[in-house]
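When you read off a place in the sequence shown, starting at 1, and then add 30, the result is the number in my numbering. Where a beta carbon is used, it is the ideal one built from N, C-alpha and C, also for glycine. What follows is a set of notes on a single structure, which appears directly below.
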Amino acid sequence: MIIDGKKIASDIKREISETVTEMLAAGAKRPHLAAILVGHDGGSETYVAHKVKACEECGFKSTLIRFEDDVTEDTLLQTIDKLNNDSDVDGFIVQLPLPRHISEQRVIEAIDYRKDVDGFHPINVGRMSIGLPCFVSATPAGILMLLERYGVPTKGAECVVLGRSNIVGKPVANLMMQKHLPGDATVTVCHSASRDIKETCRRADIIIAALGSPGFVTADMVKEGATIIDVGTTRVPDPTRKSGFRLRGDVDFDAVESKCAWITPVPGGVGPMTIVSLMKNTLLAARHDIYPV
Ligand code: GUN
């Protein structure tokens, strides 16, 4: 059966907007998310536009700060410093990837971890890995929410994560092995140097595919009754579309769907949940729930 990320995301956005209405009625200020976007990468433009729209739906204020590709690292760091010190801004993100002349790590570490609603700062990553309150990065948090809302059993389950990126693979593997639910799973991480990936996947009760390799997970890799979470969003040419492309996941959906207990589509699965997790983190930041002042 298909996991409807779009519907869950829309339900959660409604819950958030109700909370914001209550906050405002109680005299609190409107939650405020800022986003820095560098350049004109098509994917990044789309993601940031979706984030701004989600802010409106949740009743948040949003500010978009744009720079051209040739912005200096110094200018970016100064902008981050301003946002760190702007008491009206509760949380902010710097959309990745950045141009090659800018150090993503330096940029991430310049963000005040208390406003790091992307959960990319090493303090948040470290706190997450030892199970302390923190901003959990949006895609892994969105995946866990889907597993929870669809009642997918995770305790003691064999969970195979494909990919070891800092944004998805590593944190989701970490969360899935933590002693809480959803989680408490036996986690295996496969990556470009792994042997016998097919064999490993065939044992999995849950596969989380985050490789960026369209159609990588084929029917012969999937156990009957498995749950599949597809994080892939590669743009592939499609002349029938106005845009000239469509998004393709890491899973051969048509061949795999009938074997699965649950499967996320692309688009409409993990993507909308990622944005909603960012909104949740922004609300937590505005209320100082994670890091009290
Ligand atoms: N690029 C791809 N995913 C993300 C994300 O979750 N946050 C940011 N800032 N950049 C991204």
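Any non-hydrogen atom of the ligand GUN closer than 7 Å to residue i Cβ
i      : result
GLN108 : no
LEU126 : yes
ALA79  : no
TRP132 : For the sequence presented, residue 132 should be read as Ile rather than Trp. ILE132 Cβ: outside cutoff for every heavy atom of the ligand GUN.
ASP71  : no
ALA168 : yes
ASP260 : no
ASP148 : yes
ILE197 : yes
ILE11  : Examination of residue 11 is not possible in this model, given that the chain is present from 31 through 323 alone.
ILE123 : yes
THR93  : no
THR304 : yes
Whole-Å CB distance - residue i paired with residue j, under 8 Å assumed
i      : j      : result
THR169 : VAL300 : 6 Å
MET175 : SER40  : Their Cβ separation, rounded to whole angstroms, is 13 Å, which puts MET175 and SER40 out of contact at 8 Å.
VAL119 : LYS145 : 7 Å
ILE197 : ILE259 : So it is not a contact: roughly 15 Å between Cβ atoms.
LEU277 : PRO297 : 5 Å
ALA65  : ILE123 : 5 Å
ASP282 : THR248 : 5 Å
GLY149 : ASN311 : 7 Å
LYS37  : GLU87  : The Cβ separation is near 14 Å, so there is no contact.
VAL182 : ILE236 : 7 Å
PRO244 : THR270 : The Cβ separation is near 17 Å, so there is no contact.
ILE95  : THR109 : 6 Å
ALA315 : GLY121 : 4 Å
Cut-off 7 Å between Cβ atoms - residues of its own chain near residue i, not counting five sequence neighbours on either side
i      : result
ALA203 : VAL191, VAL217, VAL219
LEU313 : ILE46, THR49, PRO61
LEU177 : THR184, PRO212
HIS151 : ILE138, GLU139, ILE141, TYR143
ILE132 : GLU103, LEU106
Residues of its chain near residue i, where Cβ-Cβ distance is below 6 Å and the 5 sequence neighbours each way are ignored
i      : result
ILE114 : Rather than Ile, the amino acid found at residue 114 in this sequence is Asn. Hits under 6 Å: ASP142.
LEU107 : ALA140
CYS85  : LEU63, SER92
GLN208 : GLY161
VAL286 : ALA249, VAL252
8 Å CB neighbourhood of residue i in its chain, flanking five on each side removed
i      : result
THR186 : Here residue 186 turns out to be Gly, not Thr, going by the sequence shown. If we look at GLY186 and ignore the five residues flanking it on each side, its Cβ neighbours are ASP214, ALA215, THR216.
GLU98  : VAL68, GLY69
ALA239 : LEU192, GLY193, PHE246, VAL247, ILE258, ILE259, ASP260, VAL261, GLY262, GLY279, ASP280, VAL281
PRO127 : ASP71, SER74, GLU134
Practice task
Count the C-beta pairs between the stretch 75-83 and the stretch 134-144 that are closer than 8 Å, then say yes if the count reaches three, no if not.
Solution key: Touching, no, given that fewer than three Cβ pairs across the two stretches are closer than 8 Å.
Handout entry: At least three beta-carbon pairs within less than 8 Å, the stretch 219-231 to the stretch 250-260
Key = Yes, the stretch 219-231 is in contact with the stretch 250-260.
Practice task
Count the CB pairs spanning the stretch 184-199 and the stretch 217-225 that are closer than 8 Å, and state whether there are at least three.
Solution key: Yes, the stretch 184-199 is in contact with the stretch 217-225.
Exercise for the section: Please confirm if the stretch 281-295 is in contact with the stretch 148-161, defined as three or more CB-CB distances below 8 Å between the two stretches. Expected result: No: the two stretches stay apart, fewer than three of their Cβ pairs being nearer than 8 Å.
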